[in-house]
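Colleague: For the sequence shown, the positions run 8 to 389 when our numbering is used.
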Amino acid sequence: MPGMAPPLDVCIRGAGVVGRALALLLARDRLRVGLVAQPPAPSAAADVRAYALNDASRQLLQSLRSWPEGDACTPVDAMAVQGDDGGAVHFRAEAHGAEALAWIVDVPSLEARLAEAVRYQPLVEMLDAPRPAPLTAVCEGRASATRAEFGVDFDTTPYPQRAIAARLRCEGPHGGVARQWFHSDGILALLPMGGSGGHDVALVWSVEQAHAPALLALEPDAFARAVEAASGRALGAMALTSARADWPLQLARADRWTGPMPRANDGKGAARNWVLLGDAAHTVHPLAGQGLNIGLADAAELARLLHGRDFWRSPGDARLLRSYERSRKAGLWPMGFATDGLQQLFALPGRPWQLVRNWGMRGFDTSGPLKSWLARQAMGLR
Numbered sequence: 008m009p010g011m012a013p014p015l016d017v018c019i020r021g022a023g024v025v026g027r028a029l030a031l032l033l034a035r036d037r038l039r040v041g042l043v044a045q046p047p048a049p050s051a052a053a054d055v056r057a058y059a060l061n062d063a064s065r066q067l068l069q070s071l072r073s074w075p076e077g078d079a080c081t082p083v084d085a086m087a088v089q090g091d092d093g094g095a096v097h098f099r100a101e102a103h104g105a106e107a108l109a110w111i112v113d114v115p116s117l118e119a120r121l122a123e124a125v126r127y128q129p130l131v132e133m134l135d136a137p138r139p140a141p142l143t144a145v146c147e148g149r150a151s152a153t154r155a156e157f158g159v160d161f162d163t164t165p166y167p168q169r170a171i172a173a174r175l176r177c178e179g180p181h182g183g184v185a186r187q188w189f190h191s192d193g194i195l196a197l198l199p200m201g202g203s204g205g206h207d208v209a210l211v212w213s214v215e216q217a218h219a220p221a222l223l224a225l226e227p228d229a230f231a232r233a234v235e236a237a238s239g240r241a242l243g244a245m246a247l248t249s250a251r252a253d254w255p256l257q258l259a260r261a262d263r264w265t266g267p268m269p270r271a272n273d274g275k276g277a278a279r280n281w282v283l284l285g286d287a288a289h290t291v292h293p294l295a296g297q298g299l300n301i302g303l304a305d306a307a308e309l310a311r312l313l314h315g316r317d318f319w320r321s322p323g324d325a326r327l328l329r330s331y332e333r334s335r336k337a338g339l340w341p342m343g344f345a346t347d348g349l350q351q352l353f354a355l356p357g358r359p360w361q362l363v364r365n366w367g368m369r370g371f372d373t374s375g376p377l378k379s380w381l382a383r384q385a386m387g388l389r
């Protein structure tokens with residue numbers, strides 16, 4: 008009928024970084040994609056988050072012409088991790104023959120590049136509401152309403168911490184070094200921003216829930232002094248340059264990552280299925296900065312399977328989606344286990360545990376092949 012919308016191959020619910028990247032990947036394979044954006048919060052503040060993206064994520068976004076340029080993307084040449092009793096671990100990109108350990112990317116800049124790429128992709132249609140399709144991909148984040156609508160159990164283990172994010176300007180240059188401190192009462196990370204010679208950092212501070220309100224209530228100068236103290240004045244005096252954001256931390260995983268759509272038959276015998284990606288399927292502690300890398304790996308794996316499917320298989324083929332689920336659950340396990348284990352270890356009180364974890368850090372720093380293997384995994388190097 009004239010004016011009727013063309014049928015979709017895939018409907019993506021959620022137009023964040025993972026949703027837009029998936030839309031562009033699928034459109035590149037000539038699939039017609041509908042992308043449903045969630046309405047913005049009425050009083051949403053400026054986004055102060057920054058992502059640590061590894062080499063695999065960078066290559067993926069570059070292939071989509073969505074990689075931020077200039078000072079919106081800062082290479083991490085080295086990483087220094089300090090324990091709470093003299094333990095330390097150091098990583099350098101040059102030790103692995105890599106251009107960088109990771110890149111610290113400004114969230115609004117990345118989202119703007121993806122939105123621009125979507126606007127110029129004729130096979131991606133922005134939607135106000137979901138439309139039927141053989142495959143519905145849910146990329147709505149950790150609080151996904153669609154996941155709940157589909158009756159999926161989101162097995163959640165809350166951490167007794169909240170993350171505080173902000174931007175600060177430092178007296179000394181960051182030198183392209185990402186710095187992290189494990190304290191008995193929290194984990195502080197300062198991520199380099201503003202280019203290799205910059206003085207700006209993104210803060211991610213995981214603090215005890217009871218301590219978070221007092222930190223958030225501090226005047227800007229007092230908050231900057233608190234960060235200075237927690238970082239041992241590693242970058243000198245600091246000034247807060249943004250608002251502060253905070254959110255609860257959790258380890259979570261959906262029990263099912265795919266299944267049939269409710270009322271899954273369109274009357275013509277065509278089955279429709281759904282699949283979860285990104286934070287709608289899983290969340291991990293931010294201490295390793297791997298959350299978005301895992302979500303983009305979800306999108307890449309789903310796109311790879313759809314690209315290689317038999318010509319007669321629908322994008323919503325249940326067998327392909329089960330293969331995606333098995334593959335990505337296996338890929339998630341090592342990072343989820345490692346981040347949860349570190350968080351739990353540094354949360355244990357008492358001098359004996361403090362000695363054990365710092366002894367372990369010193370041993371790991373000289374472990375050679377083990378340290379190299381873990382670094383390359385986190386860097387997304389094949």
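Cβ atoms here follow ideal geometry from the backbone N, Cα and C, with glycine treated the same way. In this text, all values refer to a predicted model and were calculated from it rather than measured experimentally.
Is THR265 helix, strand or coil by DSSP?
Modeller: Residue 265 sits at position 258 when you count from the first residue of the sequence shown. Note: THR265 maps to strand in three-state DSSP.
Colleague: Could you have a look at ASP317 and say whether DSSP puts it in helix, strand or coil?
Modeller: Here residue 317 refers to the residue found at position 310 when the sequence shown is read from its first residue. In the structure shown, ASP317 sits in coil (DSSP, three-state: anything other than H, G, I, E or B).
Colleague: Given ALA12, which residues of its chain have a CB within under 6 angstroms of its CB, disregarding the five upstream and five downstream residues?
Modeller: Counting from one through the sequence shown, the residue named residue 12 turns up at place 5. Taken in chain order, the list of residues that qualify is empty.
Colleague: For MET133, is the classification buried or exposed, using 16 other Cβ atoms within 10 angstroms of its Cβ as the cut-off for buried?
Modeller: Walking along the sequence shown from the start, residue 133 turns up at place 126. Its Cβ having fewer than 16 others within 10 Å, MET133 is exposed.
Colleague: As an exercise, report each continuous beta strand (DSSP E) stretch of at least 3 residues that is fully enclosed by the segment 196-255, in chain order.
Modeller: If we require 3 residues or more, the beta strand (DSSP E) runs fully inside the segment 196-255 come out as 207-215 and 245-247.
Colleague: Would the segment 187-206 and the segment 62-75 be scored as touching if the rule is three or more Cβ pairs under 8 angstroms?
Modeller: Too few Cβ pairs lie closer than 8 angstroms, so no.
Colleague: Return the CA-CA distance between ASP36 and PHE318, expressed in angstroms with no decimal places.
Modeller: Here residue 36 refers to the residue found at position 29 of the sequence shown. Here residue 318 refers to the residue found at position 311 of the sequence shown. Straight-line Cα distance between these residues: approximately 12 angstroms.
Colleague: If we count the other Cβ atoms within 10 Å of its Cβ and call it buried at 16 or more, is GLY21 buried or exposed?
Modeller: For this step, residue 21 is matched to residue 14 along the sequence shown. It counts as buried.
Colleague: Given this structure, state the Cα-to-Cα distance separating ALA150 from ALA287, to the nearest angstrom.
Modeller: Position 143 of the sequence shown holds residue 150. Position 280 of the sequence shown holds residue 287. Each residue's alpha carbon lies about 7 angstroms from the other.
Colleague: Just reading off the alpha helix (DSSP H) that GLU123 is part of, what are its end residues?
Modeller: As a position in the sequence shown, residue 123 is number 116, starting the count at 1. From DSSP, the alpha helix (DSSP H) with GLU123 extends over 114-126.
Colleague: Can you tell me where the alpha helix (DSSP H) holding VAL390 begins and where it ends?
Modeller: Past the edges of the chain, shown from 8 to 389, lies residue 390, and the structure says nothing about it.
Colleague: Rounding to the nearest angstrom, what Cα-Cα distance links PHE98 and TRP110 in this structure?
Modeller: Indexing the sequence shown from 1 puts residue 98 at position 91. Indexing the sequence shown from 1 puts residue 110 at position 103. Those two C-alpha atoms are separated by around 14 angstroms.
Colleague: With a threshold of 16 other CB atoms inside 10 Å of the CB of GLN297, please say whether the residue is buried or exposed.
Modeller: As a position in the sequence shown, residue 297 is number 290, starting the count at 1. When all chains shown are included, GLN297 counts as buried.
Colleague: Give the secondary structure of ARG20 by DSSP, where H, G and I count as helix, E and B as strand, and everything else as coil.
Modeller: Numbered from its first residue, the sequence shown carries residue 20 at position 13. The answer is strand: DSSP assigns ARG20 an E or B state.
Colleague: Assuming VAL40 and LEU117 form a contact by the criterion Cβ under 8 angstroms, report the distance between their Cβ atoms to the nearest whole angstrom.
Modeller: Counting from one through the sequence shown, the residue named residue 40 turns up at place 33. Counting from one through the sequence shown, the residue named residue 117 turns up at place 110. In fact, because the Cβ distance is near 20 angstroms, the residues do not count as touching under 8 angstroms.
Colleague: Who does PHE189 pair with in a DSSP beta bridge?
Modeller: For the purposes of this step, residue 189 is taken as residue 182 along the sequence shown, with counting starting at 1. In DSSP, PHE189 forms a bridge with ILE194.
Colleague: Span of the alpha helix (DSSP H) holding GLU3?
Modeller: Residue 3 lies beyond the residue range present for the chain, which begins at 8 and ends at 389; the question has no answer from this structure.
Colleague: What is the DSSP secondary structure of TRP360, counted as helix, strand or coil?
Modeller: For the purposes of this step, residue 360 is taken as residue 353 along the sequence shown, with counting starting at 1. Here TRP360 scores only 47 on pLDDT, less than 50, and its place in the model should not be relied on; the value that follows carries that caveat. Helix, per DSSP.
Colleague: With DSSP run on the structure shown, which of helix, strand or coil describes ASP162?
Modeller: Taking the sequence shown and counting its residues from 1, one reaches residue 162 at position 155. In this structure, ASP162 counts as strand in the three-state DSSP scheme.
Colleague: If you follow the alpha helix (DSSP H) that GLN45 is part of, which residue opens it and which one closes it?
Modeller: As a position in the sequence shown, residue 45 is number 38, starting the count at 1. Element bounds for GLN45: n/a, residue is neither H nor E.
Colleague: Out of ALA259, GLU147 and ALA172, state which residue places its alpha-carbon closest to the alpha-carbon of LEU223.
Modeller: The residue labelled residue 223 in the question sits at position 216 within the sequence shown. Checking every option, the nearest Cα to that of LEU223 belongs to ALA172.
Colleague: Count Cβ pairs between the segment 238-253 and the segment 213-229 that sit closer than 8 angstroms; are there 3 or more?
Modeller: They touch, by the three-pair rule.
Colleague: So ALA4 is in the beta strand (DSSP E); what residue range does that whole segment cover?
Modeller: A question about residue 4 goes unanswered here, because the residues of the chain that appear run from 8 up to 389.
Colleague: If you check the beta carbons only, do LEU15 and ALA217 fall under 8 angstroms apart?
Modeller: Residue numbering aside, residue 15 sits at position 8 when the sequence shown is read from its first letter. Residue numbering aside, residue 217 sits at position 210 when the sequence shown is read from its first letter. For LEU15 and ALA217, no; Cβs fall outside 8 angstroms.
Colleague: By a C-beta neighbour count over all protein chains shown, 10 Å radius and 16 as the cutoff for buried, is ASP228 buried or exposed?
Modeller: For the purposes of this step, residue 228 is taken as the residue at position 221 of the sequence shown. That one is exposed.
Colleague: Going by DSSP, which residues form a beta bridge with ILE171?
Modeller: Working through the sequence shown from its first residue, we reach residue 171 at position 164. Per DSSP, TRP212 and ASP253.
Colleague: Using only the alpha-carbon positions, how far apart do ARG391 and HIS190 sit?
Modeller: Because the chain is modelled from 8 through 389, residue 391 falls outside the range shown and cannot be assessed.
Colleague: Is the beta carbon of LEU210 less than 8 angstroms from the beta carbon of VAL234?
Modeller: What you label residue 210 is simply residue 203 of the sequence shown in a count that begins at 1. What you label residue 234 is simply residue 227 of the sequence shown in a count that begins at 1. Yes, they are a contact pair.
Colleague: What is the residue span of the beta strand (DSSP E) that LEU108 lies within?
Modeller: Working through the sequence shown from its first residue, we reach residue 108 at position 101. No beta strand (DSSP E) holds LEU108; DSSP gives it neither H nor E.
Colleague: How big is the Cα-Cα spacing for THR290 and GLN257?
Modeller: Mapped onto the sequence shown, residue 290 falls at position 283. Mapped onto the sequence shown, residue 257 falls at position 250. Their Cα atoms are separated by approximately 7 angstroms.
Colleague: Please report the straight-line C-alpha distance between ALA28 and GLN168, rounded to a whole angstrom.
Modeller: On the sequence shown, residue 28 is found 21 positions in, with the first residue counted as 1. On the sequence shown, residue 168 is found 161 positions in, with the first residue counted as 1. If I take the Cα positions, the gap works out to 30 angstroms.
Colleague: Could you tell me whether the segment 79-94 touches the segment 143-163, where touching means 3 or more Cβ pairs closer than 8 angstroms?
Modeller: No, because fewer than three Cβ pairs between the segment 79-94 and the segment 143-163 fall closer than 8 angstroms, the two stretches do not touch.
Colleague: Closest to GLY285 by C-alpha separation, out of PRO269, ALA136 and ALA304, would be which residue?
Modeller: On the sequence shown, position 278 is the one that residue 285 refers to. Measuring from the Cα of GLY285, the nearest candidate turns out to be ALA304.
Colleague: Kindly indicate which three-state DSSP category LEU31 falls into: helix, strand or coil?
Modeller: Within the sequence shown, the letter at position 24 stands for residue 31. Note: LEU31 maps to helix in three-state DSSP.
Colleague: Taking the Cβ atom as the reference point for each residue, do PRO82 and SER203 lie within a distance shorter than 8 angstroms?
Modeller: What you label residue 82 is simply residue 75 of the sequence shown in a count that begins at 1. What you label residue 203 is simply residue 196 of the sequence shown in a count that begins at 1. In contact: PRO82 and SER203 (Cβ atoms closer than 8 angstroms).
Colleague: Keeping to the same chain, check which residues put their C-beta closer than 7 angstroms to that of ARG65; ignore five residues upstream and five downstream.
Modeller: On the sequence shown, position 58 is the one that residue 65 refers to. So the list reads TRP74 and TRP110, once near-sequence residues are dropped.
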